[in-house]
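Note sheet for the following structure.
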Amino acid sequence: MHVHTCLSPCSELEMHPAALVKAAVDAGLDAVAVCDHNSAENLAAAVRAGARSGLAVLPGMEVTSEEEVHILALLPDLEAAQVLQSKVYQNLPGTNDPNLFGMQVVANEDEEVLGFNEHLLSGATALSVEAVVAAIHKAGGLAVAAHVDRERFGLIGQLGLIPEGLPLDALEVSANAQLNVARTRFAPSGEYALLCSSDAHEPKDVGKAVTFMLLEEPNPAEVRKALAGAEGRAVLGGGRPMEDLALHILDIAQNGVEAGATLVEIGLNEDPLKDLLTIEVKDNGRGMNEETAARALDPFFTTRTTRKVGMGLPMLAAAARAAGGNFQLASEPGKGTALKASFQFSHIDRAPVGDLETTLLVLFAGHPDVEIRFKHAVCGEDYEVSTGDLRAALDGAVLASPEGLAFTREVVRRGEKALSEARAKALGGP
Numbered sequence: 306m307h308v309h310t311c312l313s314p315c316s317e318l319e320m321h322p323a324a325l326v327k328a329a330v331d332a333g334l335d336a337v338a339v340c341d342h343n344s345a346e347n348l349a350a351a352v353r354a355g356a357r358s359g360l361a362v363l364p365g366m367e368v369t370s371e372e373e374v375h376i377l378a379l380l381p382d383l384e385a386a387q388v389l390q391s392k393v394y395q396n397l398p399g400t401n402d403p404n405l406f407g408m409q410v411v412a413n414e415d416e417e418v419l420g421f422n423e424h425l426l427s428g429a430t431a432l433s434v435e436a437v438v439a440a441i442h443k444a445g446g447l448a449v450a451a452h453v454d455r456e457r458f459g460l461i462g463q464l465g466l467i468p469e470g471l472p473l474d475a476l477e478v479s480a481n482a483q484l485n486v487a488r489t490r491f492a493p494s495g496e497y498a499l500l501c502s503s504d505a506h507e508p509k510d511v512g513k514a515v516t517f518m519l520l521e522e523p524n525p526a527e528v529r530k531a532l533a534g535a536e537g538r539a540v541l542g543g544g545r546p547m548e549d550l551a552l553h554i555l556d557i558a559q560n561g562v563e564a565g566a567t568l569v570e571i572g573l574n575e576d577p578l579k580d581l582l583t584i585e586v587k588d589n590g591r592g593m594n595e596e597t598a599a600r601a602l603d604p605f606f607t608t609r610t611t612r613k614v615g616m617g618l619p620m621l622a623a624a625a626r627a628a629g630g631n632f633q634l635a636s637e638p639g640k641g642t643a644l645k646a647s648f649q650f651s652h653i654d655r656a657p658v659g660d661l662e663t664t665l666l667v668l669f670a671g672h673p674d675v676e677i678r679f680k681h682a683v684c685g686e687d688y689e690v691s692t693g694d695l696r697a698a699l700d701g702a703v704l705a706s707p708e709g710l711a712f713t714r715e716v717v718r719r720g721e722k723a724l725s726e727a728r729a730k731a732l733g734g735p
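So the numbering used here is basically just the index in the sequence shown, starting at one, shifted up by 305.
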């Protein structure tokens, strides 16, 4: 979710507002939060660049406390950003040395350099963690502890704990973290909403980690509701599209929905004893002829309009083969598409499964009129969940409602917990 521009001294010079927006659009993102270190001077340009391209740019800032903890500020508007910037500048000692810390480039939306920020943006303010959070809230913003999974500049890494009573609105994990693992570690009982961010400092990293939210539209007011779980808005989850198998599954399933499928069947089978992991996805969409199916494995071919490069099938195929497995694709016009990807379970290059909860919540909440059937098996143990079963159990409640999302989370977590125990047993764990 949060990214930087060339204003941050650790960012690449090519990360000017226009390049950032282009990278986000190319990655298929709906929104980014621009959070440069201790400054908001490139925010207005980023917002204007986003407006040109249909990308929502949320105003933000990454503030460094006196304890060298990074706290993200997600702000309601540019005026609030100026208020917070003034507070930060008043408490930010030092002058930048570009030869030591890097240039801090102020740029406009037309790729033009307007000047250089002379504040020591890489430094720590004289504000405590508590004072930073209070200043963010006073400006009308949301306070999010940045990359809590990291030792350096992370709240827990710097302080050893989350201070009792610190009124954070959410926690963020970096692109190094698997969300399902982070959830168990940082918010096992749902104490905080968890966000995933690329923390991109150069264009190629934009979209490396993403957060999925259920919103009316991507804007700061809607994000506030989502973090609070208010008025039907919600944080559905997140992950790493280039790495996690769960997000490969999500991408492939959404391909089927976009192809007009009314039924999508997903199977995930883990068998450590046979050293095998398989993914199968079938849909009854419009299907492809032989030529189109062959071209579908070309990363530079796509029929979809949501992004310019069709990376779903090629990336999954490449991931399977890199892990000693195989990939099969069968499709027929008017009948649908079926694929099977196999992986050597123990292979060092086998991608992690990732957060299946995210995948299923996005699919069920985002496509309530499509029958989605999911089965996950580990060493002979399994659980199943489907649109029809959920709808029947909810007795008419909408799948995307708070009740529907809570029930779906419960079903998935219960199923995954049982399979985790089966997996540990098969691998010789407790």
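C-beta: ideal position from N, C-alpha, C; glycine also.
Buried/exposed call for residue i, threshold 16 Cβ in 10 Å
i, result
"Phe-491", "buried"
"Phe-421", "exposed"
"Ile-677", "buried"
"Lys-513", "buried"
"Asp-694", "exposed"
"Asn-631", "exposed"
"Ser-651", "exposed"
"Ile-441", "buried"
"Leu-704", "buried"
"Thr-642", "buried"
"Ala-356", "exposed"
"Cys-315", "exposed"
"Arg-457", "exposed"
"Ala-539", "buried"
"Asp-510", "buried"
"Val-292", "As displayed, the chain neither begins before 306 nor continues past 735, which places residue 292 out of reach and without an answer."
"Glu-469", "exposed"
"Gly-733", "exposed"
"Thr-597", "exposed"
"Asn-594", "exposed"
"Ala-429", "buried"
"Glu-570", "buried"
"Thr-610", "Note that Thr-610 scores a pLDDT of 47, beneath 50, so its modelled location is shaky and nothing firm can be said."
"Leu-485", "Note that residue 485 is Asn in the sequence shown here, rather than Leu. Counting Cβ neighbours within 10 Å, Asn-485 comes out buried, since at least 16 surround it."
"Ala-599", "exposed"
"Ile-653", "exposed"
"Glu-715", "exposed"
"Lys-613", "Since pLDDT at Lys-613 reaches only 37, below the 50 mark, its modelled position is unreliable, and the value read off the structure follows with that caveat. So Lys-613 ends up on the exposed side."
Whether residue i touches residue j by CB criterion (7 Å)
i, j, result
"Leu-500", "Ala-475", "yes"
"Gly-592", "Ser-647", "no"
"Leu-312", "Ser-358", "no"
"Leu-377", "Glu-367", "yes"
"Leu-389", "Ala-444", "yes"
"Leu-741", "Gly-544", "For residue 741 there is no data in the structure shown, the boundaries of the chain being 306 and 735."
"Gly-629", "Ile-557", "no"
"Lys-530", "Glu-536", "yes"
"Gly-709", "Leu-699", "yes"
"Glu-507", "Met-306", "no"
"Ala-361", "Pro-322", "no"
"Ala-350", "Asn-401", "no"
"Leu-602", "Pro-619", "yes"
"Ala-431", "Asp-454", "no"
"Val-658", "Arg-728", "no"
"Val-690", "Thr-567", "no"
"Ala-480", "Ser-503", "yes"
"Val-717", "Leu-634", "no"
"Leu-363", "Pro-546", "no"
"Leu-426", "His-309", "no"
"Ala-448", "Leu-473", "yes"
"Leu-379", "Gly-399", "no"
Near the ligand SAM: residue i beta-carbon under 6 Å from a heavy atom
i, result
"Ala-480", "With respect to the ligand SAM, the structure offers nothing, as it holds no ligand at all."
Beta-bridge partners of residue i, as assigned by DSSP
i, result
"Gly-542", "Phe-517"
"Gly-534", "Note: Gly-534 sits in no beta bridge, so no partner."
"Ser-647", "Thr-583 and Asn-631"
"Phe-679", "Ile-571 and Val-690"
"Leu-473", "DSSP, once it has assigned bridges, lists no residue as partnering Leu-473."
"Cys-501", "Val-478"
"His-421", "Here residue 421 is Phe; the residue named in the question, His, does not match the sequence. Paired residue(s): Val-410."
"Val-308", "Val-339 and Ala-505"
"Ser-636", "Thr-642"
Is it a yes or a no for the stretch 371-388 touching the stretch 458-465, going by three-plus beta-carbon pairs under 8 Å? yes
How do the stretch 330-337 and the stretch 506-519 stand: do at least 3 beta-carbon pairs fall below 8 Å, yes or no? yes
Please list the segments of the beta strand (DSSP E) lying wholly inside the stretch 321-408, counting only runs of 3 or more residues, in order along the chain. 336-339, 361-369 and 375-379
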